[in-house]
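All residue numbers for the sequence shown refer to this note's numbering, where the first residue is 6 and numbers rise by one.
For reference, the structure is listed below as structure tokens.
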Amino acid sequence: MNDVGTITWCKPGEPRPTYAVDNIKAHAQLWGVIDWDFKAFSRYDGYMDSATHRHLLSTHVGPHISKLRKHKFYRDNISYHKAQKILT
6 MNDVGTITWC
16 KPGEPRPTYA
26 VDNIKAHAQL
36 WGVIDWDFKA
46 FSRYDGYMDS
56 ATHRHLLSTH
66 VGPHISKLRK
76 HKFYRDNISY
86 HKAQKILT
């Protein structure tokens with residue numbers, strides 16, 4: 006994330022005062038798959054669950070599945086990786 010610089014705010018019609026903001030925090034929700042010959046990355050909103058995970062797989066990995074059939078996908082023990090709809 007980059008520093009966004011100076012932040013100003015005021016009521017309509019009033020002059021713009023400038024306030025220094027010392028600590029700006031931000032986060033991004035990112036998902037990705039990496040292989041020697043393939044990569045897919047996506048940003049998503051909200052929290053990851055099995056429906057979001059399935060959507061990301063079908064959108065970003067699904068179109069390339071024919072060349073990935075011989076590959077093994079390793080997952081950690083997170084519950085949405087093991088949902089029945091994901092495993093089938």
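For every residue, glycine included, the Cβ atom is placed at its ideal position computed from N, Cα and C.
Identified DSSP bridge partners for residue i
{"i": "isoleucine 70", "result": "According to DSSP, which records beta bridges pairwise, isoleucine 70 is partnered with nothing at all."}
{"i": "leucine 154", "result": "What the structure shows of the chain is the stretch from 6 to 93, and residue 154 is not part of that stretch, so it cannot be assessed."}
Residue i in three-state terms, based on DSSP
{"i": "arginine 48", "result": "strand"}
{"i": "arginine 59", "result": "helix"}
Burial state of residue i (16 or more Cβ within 10 Å)
{"i": "leucine 61", "result": "buried"}
{"i": "histidine 32", "result": "exposed"}
{"i": "histidine 58", "result": "buried"}
Contact set for residue i: own chain, Cβ-Cβ below 8 Å, skip 5 residues either direction
{"i": "glycine 51", "result": "Gln34, Thr57"}
{"i": "proline 17", "result": "none"}
Cut-off 7 Å between Cβ atoms - residues of its own chain near residue i, not counting five sequence neighbours on either side
{"i": "alanine 45", "result": "Gly37, Val38, His65, Val66"}
{"i": "serine 47", "result": "Trp36, Leu61, His65"}
{"i": "phenylalanine 43", "result": "His69, Leu73"}
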